[in-house]
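The structure under discussion appears below in the form of structure tokens.
Protein chains in written order, with this note's numbering: chain A, 12 to 145; chain B, 645 to 743.
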């Protein structure tokens with residue numbers, strides 16, 4: 012991947028529910044596909060990836076996730092140590108550390124969150140959330 | 645990155661577009677990479693039996709752009725500033741001696 016490719020904006024961050032629905036849900040495939048078509052990237056935090064791989068139903072599902080996470084348009088996003096206070100705040104609001112990391116990544120990249128757990132992110136409109144069916 | 649010269653034939657309209665580019669090679673390289681990324685992603689989903697549709701992706705884009713319109717840059721910054729201030733206040737409180 013060239014340096015220019017790595018500069019492509021992250022437009023969409025997948026949370027654990029979106030990642031676990033991949034690849035079988037069209038409600039994940041199409042939003043991710045349109046972001047790629049638009050020349051942008053989708054993001055997954057390292058914490059989310061770890062959670063999803065642990066919860067993936069079987070080896071076949073994990074294989075699909077590995078391939079998605081290795082895709083050229085997937086930004087694998089860190090959660091920095093110096094952000095621990097913000098992480099703590101969002102952990103309190105969402106109830107899970109993977110969701111907290113997802114919120115922080117979305118805010119940092121000014122991206123939307125794709126999820127089927129929209130109720131976890133506070134009242135409607137509280138955060139830039141794109142709802143998908145469970 | 646190593647580069648290689650490749651000669652291709654293209655339709656007239658494509659040739660005109662390339663002639664207007666300050667760097668036609670970079671333009672073509674970007675277009676090919678964009679297309680390859682999408683082809684690779686379609687292959688991944690097809691392997692799981694899921695076929696993406698143009699209409700579905702257009703609807704997904706409309707939903708994303710709707711959220712994007714409601715969330716200008718300033719709104720993201722405002723949320724981050726509010727959370728940072730909240731946590732700073734909490735840290736300040738924690739640093740004060742107990743009454």
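In this text, a Cβ means the ideal position worked out from N, Cα and C, and glycines have one as well. What you are looking at is a predicted structure, and each value in this text was computed from that prediction instead of being measured.
query	result
Mind checking residue 46 (chain A): buried by the 16 CB within 10 Å criterion, or exposed?	buried
Report back the beta-carbon spacing between residue 90 (chain A) and residue 58 (chain A) to the nearest angstrom; my notes put them in contact at under 8 Å.	6 Å
Using a beta-carbon distance below 8 Å, is residue 713 (chain B) in contact with chain A?	no
Please work out which residues of its chain come closer than 6 Å, Cβ to Cβ, to residue 43 (chain A), disregarding the five sequence neighbours upstream and downstream, and give them in chain order.	53
Excluding the 5 residues flanking residue 102 (chain A) on each side, which residues of the same chain have their C-beta closer than 6 Å to its C-beta?	108, 111
Is it buried or exposed, residue 77 (chain A), if we count other Cβ atoms within 10 angstroms and call 16 or more buried?	exposed
Would you verify that the beta carbon of residue 660 (chain B) is, or is not, closer than 8 Å to some beta carbon of chain A?	no
Nearest-angstrom Cα distance between residue 25 (chain A) and residue 124 (chain A)?	6 Å
Among A:56, A:35, A:96, whose alpha-carbon lies nearest the alpha-carbon of residue 71 (chain A)?	A:35
Keeping to the same chain, check which residues put their C-beta closer than 8 Å to that of residue 98 (chain A); ignore five residues upstream and five downstream.	90, 108, 111, 112, 115
Is any beta-carbon of chain A found at less than 8 Å from that of residue 648 (chain B)?	no
Count the C-beta pairs between the region 702-720 of chain B and the region 117-131 of chain A that are closer than 8 Å, then say yes if the count reaches three, no if not.	yes
Give the C-beta separation of residue 33 (chain A) and residue 64 (chain A) to the nearest angstrom, bearing in mind that I take them to be a contact with Cβ-Cβ under 8 Å.	Not quite, the Cβ-Cβ distance comes to about 12 Å (not below 8 Å), so this is no contact.
Classify residue 157 (chain A) as helix, strand or coil using the three-state DSSP reduction.	It is not possible to answer for residue 157 (chain A), since the shown part of chain A is limited to 12 through 145.
For chain A, check one thing: does any of its Cβ atoms lie closer than 8 Å to the Cβ of residue 718 (chain B)?	no
List, in order along the chain, the chain B residues whose C-beta lies closer than 8 Å to that of residue 45 (chain A)?	701, 702, 704, 705, 708
Can you tell me which of A:41, A:62, A:131, A:129 puts its alpha carbon nearest to the alpha carbon of residue 688 (chain B)?	A:41
Cα-Cα, which of A:67, A:106, A:50 is closest to residue 86 (chain A)?	A:50
Can residue 670 (chain B) and residue 662 (chain B) be called in contact, C-beta distance under 8 Å?	no
Looking at C-alpha atoms only, which residue of A:28, A:69, A:104 is the closest neighbour of residue 144 (chain A)?	A:28
According to DSSP, what are the bridge partners of residue 123 (chain A)?	A:23
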